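Enquirer: Handing you this structure, nothing more for now.
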Ligand code: UT7
């Protein structure tokens with residue numbers, strides 16, 4: 001899916017993010033499983049991650065991030081027309097987490113639904129919302145990537161539990177005004193032949209929540225890390241190149257690349273292949289680990305608020321996750 005001919009240009013009017021207070025460091029993890037700060041940091045680039053409180057759910061984190069994005073966009077929650085939450089850790093199977101966010105924000109005019117595209121969900125949501133606004137169906141949209149991955153992590157499995165964290169990021173989209181930037185190009189893709197590489201096998205309909213299944217940790221994330229790594233580098237590079245070309249950009253025009261935050265070695269490999277210097281690649285996975293759909297959304301907000309790019313700059317976001325799924329977006333800020 002790739003065409004980007006828009007009736008109306010659509011911009012990102014505000015961003016926001018939220019991470020829970022509790023920090024879990026590599027040293028603390030080394031007390032729980034057979035690992036070390038040295039292994040985790042050299043293999044992944046992660047130093048610590050955030051863990052949501054027991055009663056703190058995906059919708060709560062999503063709502064905090066949303067309020068910050070709305071505030072920056074100068075928009076009231078009551079004005080929202082569309083809310084899309086990208087998550088693989090919804091509060092409930094049904095209704096959608098977006099409905100709880102709508103309730104918390106009081107955005108009762110908005111149509112609200114979730115999408116499940118793992119780590120790629122935020123950019124899937126961006127493409128959908130952009131098209132729905134540019135086609136005139138909605139005047140604005142709140143898109144959110146939010147996850148409580150700590151709830152689906154096997155805390156006895158050192159090969160996965162060191163990787164993930166909790167958090168949420170959000171963006172408000174609306175038609176661009178003159179002199180404002182626009183989402184220039186978007187790309188997304190899926191390869192369903194590789195569902196086995198990264199999944200949560202149990203807890204849904206095919207493998208229900210029974211005592212026996214929970215005893216085997218089938219409700220937690222499993223990953224064939226090396227395989228996923230290979231696909232991640234190739235797919236993200238290809239997706240990023242497509243939006244860069246379609247947006248008419250050269251590598252030197254890009255002020256900031258904001259990649260999915262899964263592994264610093266993957267990020268470095270992509271920067272290298274795109275010929276973008278490392279100091280123009282935004283990284284925060286040292287502090288948050290991999291927060292799936294939230295990762296690129298939190299990174300976008302932090303990059304924006306810390307001045308990693310400014311009005312008029314071109315930025316590129318690129319993501320990859322279970323499915324397998326991947327997506328990219330080029331944005332003139
Ligand atoms: O968000 C969706 C996308 N996800 C990704 O993109 C993740 C992609 N994959 C990765 O980031 C990496 O594959 C991992 C970080 C998950 C793993 O790194 P790796 O370099 O591929 O390591 P490995 O799985 O091949 O494991 C190497 C060794 C193994 O020991 P042996 O068999 O060589 O003796 C593991 O048992 O490291 C061992 N190991 C650990 N050792 C200490 C695995 N996990 C740990 C650990 N601490 N936490």
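Numbering (my numbering), first residue to last: 1 to 333.
Virtual Cβ for every residue (Gly too), placed ideally from N, Cα, C.
Keep in mind that this is a model prediction, so the values were computed, not measured.
1. Alpha carbons only, please: which of 126, 17, 296 is nearest the one belonging to residue 187?
2. Using a threshold of 7 angstroms, is the CB atom of residue 163 nearer than that to any non-hydrogen atom of the ligand SAH?
3. Figure out for me which residue from 209, 263, 135 has the closest Cα to the Cα of residue 228.
4. Ignoring anything shorter than 3 residues, give me the beta strand (DSSP E) runs that lie fully in the segment 87-143, in order along the chain.
5. Is residue 39 helix, strand or coil when you go by DSSP?
6. Which value, in whole angstroms, describes the spacing of the CA atoms of residue 284 and residue 47?
7. Answer yes if the segment 32-49 comes into contact with the segment 84-99, meaning at least three C-beta pairs across the two stretches below 8 angstroms, and no otherwise.
8. Output the distance between the C-alpha atoms of residue 334 and residue 210, rounded to the nearest integer angstrom.
9. Return yes when the Cβ of residue 121 is within less than 8 angstroms of the Cβ of residue 86, no when it is not.
10. Can you tell me which of 146, 81, 288 puts its alpha carbon nearest to the alpha carbon of residue 137?
11. Could you tell me which whole alpha helix (DSSP H) segments of length 4 or greater appear in the segment 170-215?
12. According to the Cβ coordinates, are residue 77 and residue 123 closer than 8 angstroms?
13. What residue range is occupied by the uninterrupted beta strand (DSSP E) comprising residue 17?
14. State the beta-bridge partners of residue 167 as determined by DSSP.
15. Give me, in chain order, the residues of the same chain whose beta-carbon lies closer than 6 angstroms to that of residue 63; leave out the 5 immediate sequence neighbours on both sides.
16. Got a sec, what are the start and stop residues for the alpha helix (DSSP H) residue 334 sits in?
17. When we look at the beta-carbon of residue 179 and count the other beta-carbons within 10 Å, is it buried (16 or more) or exposed?
18. Helix, strand or coil for residue 320, going by three-state DSSP, please let me know.
19. Could you please give me the residues that DSSP links to residue 33 through a beta bridge?
20. Mark residue 320 as exposed unless 16 or more other C-beta atoms lie within 10 angstroms of its C-beta, in which case mark it buried.
21. To the nearest angstrom, report how far apart residue 133 and residue 108 are at their CA atoms.
Expert: Taking the structure as given:
1. 126
2. With respect to small molecules bound, the structure shown includes the ligand UT7 and not the ligand SAH.
3. 263
4. 111-115
5. helix
6. 10 angstroms
7. no
8. Residue 334 lies beyond the residue range present for the chain, which begins at 1 and ends at 333; the question has no answer from this structure.
9. yes
10. 81
11. 211-215
12. no
13. 10-18
14. 147
15. 101, 104
16. Outside the shown range of the chain (1 to 333) lies residue 334, about which nothing can therefore be said.
17. exposed
18. strand
19. DSSP lists no partner for residue 33.
20. buried
21. 18 angstroms
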